[in-house]
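Asker: Note that full-length UniProt numbering has the sequence shown beginning at 1, numbered continuously upward. Take this structure, written in structure tokens, and hold onto it; I'll ask about it next.
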Amino acid sequence: MGQTPVLDQFLGSLQELVQKRDGAKVQDFLQLEPPLSDIYQHMISELRQHYGPGPKTDTELLQRCEPLVPRTKGGSWTAFPTFVKLYLIFLRDMNTDNLLETYNQLKALLNQCVLALGDSQMGVIVLPTVLYLSKILAKLAMGLDRRPDLIAHIRRMEGLADQDESIEKVTLVEKSANVVREAFIKCLTDRTGTPGLTGKPEGKRIGIYLMANLCLKLLFQCGKLRNAEQMFASISAQSPPLAYFPASQRVTYLYYLGRYLFANNLFFPARIALQAAYDQCHRQAISQRHLILSYLIPCNIILGRFPSQALLQRPEAQGLAAHFQPLCQLIVRGDYLAFRQHLLFGSPTAQWFARKGILFTLRNRCEILVWRSFARKVFMYGGSYGGPQAQAQKGPPPVLNLKKLVVAIRWLQKKHASSGNAPASAVMAPNLYGSHVISEPTDIDYARLDGANRKASPATDQEILGKYGDFLAPDGFYTEEGRSQPNLPGQLIDGDPEENYDDYELDPYAYDLDDRTEAEISMMQEIESIFASLITQGLMGGYLLHREPRFAVPGAKIKGILPTGFPNVWQTISARESHDSSVPGWVQPRAPTVAGAAGGAVQEISARVADFHSRQQPFRIYHGTTNSTRPSNRSLSNTVSTEPLTRILEIDINRCTAIVEPNVSMGALVAATKAYGLVPLVVVEFPNISVGGGFSGTSGESSSFREGFFDNTVNWIEMVLADGQVVKAYNDRVETSSELADKHSDLFWGTASSFGTLGVVTLLEIRLKKSQPLVELKYYVNSNMKDAVRAFEEASADPSTEYLDGIVYARDMIVVCAGKQIEQTSNLKPRQFTRRQDDWFYLHVERIAQSKISNISDRESSPHMPDAVDYIPLTDYLFRYDRGGFWVARYAFHYFCVPFTFLTRWLLNRFMHTQVMYHALHVSGLARRYIIQDVGVPISTAAEFLDWLDRPENFGQYPLWLCPLPPGSAGGLEGESVDGAKGVNVEAQRSQLLNFGIWGPAATTDQAGFVSQNRQLEHKVHSLGGKKWLYAHTYYTENEFWTIYNKPGYDSLRAKYHAQHLPSLYEKVRVHESDLPGPHRGEFESGWKGSVKRALWDIWPFCGLYGVYKAWRGGDYLLQKEIPKKKAD
């Protein structure tokens, strides 16, 4: 053989890639689609010159390919060299003039590649190649499928045209789907990693939905949906949860799954799947979202939900209004004849629905809704409401005489017969015996069967007999006894249609035209059948009386006649179907059991807590990080760790809920829910705050003016009680689905804001809402607190406002920030706050205030218009205060005497995030030198409280944070009560509160002055009827504390749930003497390190530098190291 340098180089490089197991680059090497590059053309020339067609050269070519894979004792990957040989032969023999031959060669090549994919060790290398070849084969097959004339011509040229037509033809698209399905099965049954429903996609399993989506595309193209049933069943049985796969694969799969369920009349699960596909589809994927809406909208219409104007005006809905709005209007009108004409097959309005494959489904499923609307209108105008006695439920119920419906139908028929509005193809002859049948034109394939007298003559018309003889005069037939009987050639099995059948009655409405009584009976029977169907489906409420045909509506007094007799369609269907939100074919993460989300982890926590309880030893909860500034006295010996509980177990897009473990951070929760088009109702402002911390530690944010604190958005919690029992506790304000006799609601609200003093929370279900990509944030600059309060009230009254907070820069410069979520449009320029180069949020707002404050005029008589507007990405808005920790980080610049400039903030950005800052604060002990308070006062006293804070001896520093809260928004001890008793501070429960975030260095580092400043603040808040939140510093005496917070209710809970041996809430939150400013009182480790720290700790800036160093290093800063005692002599 001659020299083949390009082929040698190709095979050598391919061998290296196989050894490296680099499947992506293997696929890059194996190019097929024209135009091929010059180097491939050179290789093709070498193949044609040295390895021309023939068995001998093909064998030699295989020998060249065999060294591509190493031989092992257990065998070698023989399928791969054969595949490469076929690939080279395909390149050599490819003839684009004969596309059918090209298709067959490509299918054989893909079949061999799928065989190579089946190898348990090496098969994953060719997964990208299998997908690449499958896409090419699918594209070629669908292209040829659109050219049946070309295929027929090629088949005639190859002598294949006379194939037995009694055998069902398998199209090229279906053949391609069969090959792709084999690849799908190889991926699904791969045993790499953890198999089954609990395993993550690894190895070949990452290709499950890539191959499934391509196969489903082909099956929908060829109309063989029955072949998809087994695929969905296999996925349900063996696939990892769909949520573990990329969004693009999820959206495509849910789209095809929704269409499949729609085609099988499973409209409720189809709506769930299609809605999920739409919600998860990227908002810039306009064409894909348009395609999803084309099926989601009709699915909802069938279920009684019509598209809103807002939906139809979206970019992805362009053109859909023209198709669906007239249909919805006809359903509401109740004009069943106009509805039938509108969806008449062949009419212009029906063609689009026919192309989508939904015409007959809409016709059959929506007509019942049209009849409901028709019956409702007749009831409104002609029903008997029964008078005062019926309203008092002392007389007969409201009824509708069905004869009035007959009159209405006749009127509607005459109206249409005289209007001339029917399309030309619709023949509406008078029909006395039914609701009116709209005839359709004869199918063009059978038009020749009608003679001049509209009678067929197959016995005399040899052309017809020749064309339809296999049907009219077959070779054999079955007798009435079921026996096979041969037939004489040309003999008509069913006789000549021209024969006289006058002696036989074949008309189902065979009544004398002059006998009106029989006609009316026929009409009444049809009406009663329709009403019975509506009642059975729950779309009408009542019963039928047959002797004097009437429809009666009992129990109308409670809800009213129309709501009782004609309940909302969607609510009726949803209530019936939503008990099971599962979707066949959609694998969801398994829901946790009450016994514990993390299984073994919860059992370990339960066992450790039970051990503490048996010894009546107090313990504290450790979860790894904190945003509290209270010093920690945890150690390994007195701690229960929830650190492993970091999983998001389920996101239910139908109920808008998420089941999460307590150590899931807000940042992780937002990222996970956004992927499904959802977001929590309340998102605490720092991304590292945990969900459990948010529940147990009084957390609120700018959405709290509507939703309350974070704990109010939790449906239920799972927790380990102080004796080791595992129970669930429900939020009785929202949770109604549980049928448990004891929902432990007292425990739920007692645990909220109790800081872990009643037990250990191990699982939570959180409510979510739909999310949009941007927040439109409006800024209102005010020159006094009175105007700011009015701005808060106006924004709260606007139902579109979703987020509301404010910043006080001075007594005469207060900014109110009101936001709502909006969609992304091309003309909006987003402003970000989470990147290194971005402004800190409070500095950006301050610049707005400074530029506007001089122009603020009296707004008493003019609408309060925004002074500026930003469009902020949702995540950037939710965590806008993370960089700089609101503004507390600027005090670090002052402490270290570093200039507070954009450059220094940019350089030190890593240390400016809250997680790092709080780490440094705890390790350095600098938290002892700062006033850290969050308090809520009645909004009517906000101006007085601000005047008090403005005085230097009280606080005298800015900025301050403002966050309005609804009355009774706090649960647990900080709300009304934990056991139903009234709390002491009634004003704080009944009034809208305005939260003040008061954070800054104390006026003095003197211990007595520091305590006095904090206690004055606490007393002032209490005197105004307010409350302080306990995540920060608490300086009350124990008697003062329990006169403000509900001690009787709290003590009863501790006794009921076996928590009396745990530290009380007051012991947990109070400030100890060692936590106050002054010389460091803590213990240092032994040895020279401890000696150096002890000598330098109170010398500036040692402790600050040490805190920065420890934050940079990372590690556990809440667990104190056990200091070993010196050994005895």
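Every residue gets a Cβ at the ideal spot worked out from N, C-alpha and C, and that includes glycine.
Ignore the nearest five residues each way along the sequence and tell me which others in S1064's own chain have a CB closer than 7 Å to its CB.
Answerer: Taken in chain order, the residues that qualify are T757.
Asker: Answer yes or no: do P589 and A243 have a C-beta to C-beta separation smaller than 9 Å?
Answerer: yes
Asker: How is E739 classed by DSSP in three states: helix, strand or coil?
Answerer: Confidence in E739 is poor, its pLDDT being 49 and thus under 50, which makes the residue's placement unreliable; the coordinate value appears in the next sentence. Note: E739 maps to coil in three-state DSSP.
Asker: Going by DSSP, name the residue or residues bridged to Y803.
Answerer: G819
Asker: Can you tell me where the beta strand (DSSP E) with R767 in it begins and where it stops?
Answerer: 759–770
Asker: Would you say the stretch 745–762 touches the stretch 786–793, given that touching needs at least three Cβ pairs under 8 Å?
Answerer: Taking 8 Å as the limit for Cβ pairs, the verdict is that the stretch 786–793 does not touch the stretch 745–762.
Asker: Is it true that the CB of F748 sits closer than 9 Å to the CB of D723?
Answerer: no
Asker: Jot down the residue ranges of each uninterrupted alpha helix (DSSP H) in the stretch 629–695, minimum 4 residues, whole runs only, in chain order.
Answerer: 666–674
Asker: Check the DSSP bridge columns for K1027 and list the partner residues they point to.
Answerer: G936
Asker: Below 8 Å CB to CB, which residues in the same chain sit around R655 once its five sequence neighbours on both sides are set aside?
Answerer: Same-chain partners within the cutoff: S581.
Asker: In angstroms with no decimal places, state the Cα-to-Cα distance between N715 and I766.
Answerer: 6 Å
Asker: Inspect the CB distances between the stretch 313–322 and the stretch 368–378 and report whether three or more fall short of 8 Å.
Answerer: no
Asker: Could you say which of A138, K769, G346, V808 lies nearest to Y958 if we only look at CA atoms?
Answerer: V808
Asker: Just to confirm the assignment, what range does the alpha helix (DSSP H) spanning L747 have?
Answerer: 745–751
Asker: Do A552 and P396 have their C-beta atoms closer together than 9 Å?
Answerer: yes
Asker: Between S783, E604, Y87, L140, which lies nearest to A116 when the distance is taken from Cα to Cα?
Answerer: Y87
Asker: Spell out a yes or no on whether the stretch 139–151 and the stretch 76–93 are touching, meaning 3 or more CB-CB pairs, one atom from each, closer than 8 Å.
Answerer: no
Asker: Pull the bridge partners of R905 from the DSSP assignment, please.
Answerer: Per DSSP, none; premise fails for R905.
Asker: Which residues in the same chain as D870 place their Cβ atom closer than 7 Å to its Cβ, once the five residues preceding and following it in sequence are excluded?
Answerer: L777, R831
Asker: Using the Cα positions of F184 and V114, report the straight-line distance between them to the nearest angstrom.
Answerer: Computed Cα separation, rounded: 9 Å.
Asker: Taking only runs of the beta strand (DSSP E) that begin and end inside the stretch 714–738, which ones reach a length of at least 3 residues, in chain order?
Answerer: 714–721, 726–730
Asker: So V682 packs on E701, CB below 8 Å; how close in whole Å?
Answerer: About 6 Å separates the beta carbon of V682 from that of E701, a gap short enough to meet the 8 Å contact definition.
Asker: Quick check: what's the CA-CA separation for L131 versus Q112?
Answerer: 13 Å
Asker: So what does F619 bridge to, in DSSP terms?
Answerer: In DSSP, F619 forms no bridge with anything.
Asker: Mapping DSSP to helix, strand and coil, what is D870?
Answerer: strand
Asker: Please confirm whether D145 and V126 have their CB atoms less than 9 Å apart.
Answerer: no
Asker: Would you call the stretch 280–291 and the stretch 602–614 in contact, with 3 or more CB pairs under 8 Å?
Answerer: no
Asker: State the Cα-Cα distance for the pair S529 and H546, rounded to the nearest angstrom.
Answerer: 11 Å
Asker: Tell me which residues share the same chain as A354 and place their Cβ nearer than 8 Å to its Cβ, disregarding the 5 neighbours each side in the sequence.
Answerer: So the qualifying residues of the chain are F345.
Asker: Pull the bridge partners of residue 1135 from the DSSP assignment, please.
Answerer: Residue 1135 lies beyond the stretch modelled for the chain, which goes from 1 to 1129, so this question has no answer here.
Asker: Cα separation between V816 and E1040?
Answerer: 34 Å
Asker: Taking C-beta to C-beta, are T96 and P34 nearer than 9 Å?
Answerer: yes
Asker: Going by CA-CA distance only, name the one from Q725, E707, V720 that's closest to V734.
Answerer: Looking at Q725, E707, V720, the one whose alpha-carbon comes closest to that of V734 is E707.
Asker: With C-beta atoms as the reference, is R647 less than 9 Å away from V664?
Answerer: yes
Asker: Within this structure, are the beta carbons of F695 and S704 separated by less than 9 Å?
Answerer: no
Asker: If you run the structure through DSSP and keep just helix, strand and coil, what is F900?
Answerer: It is coil, neither helix nor strand.
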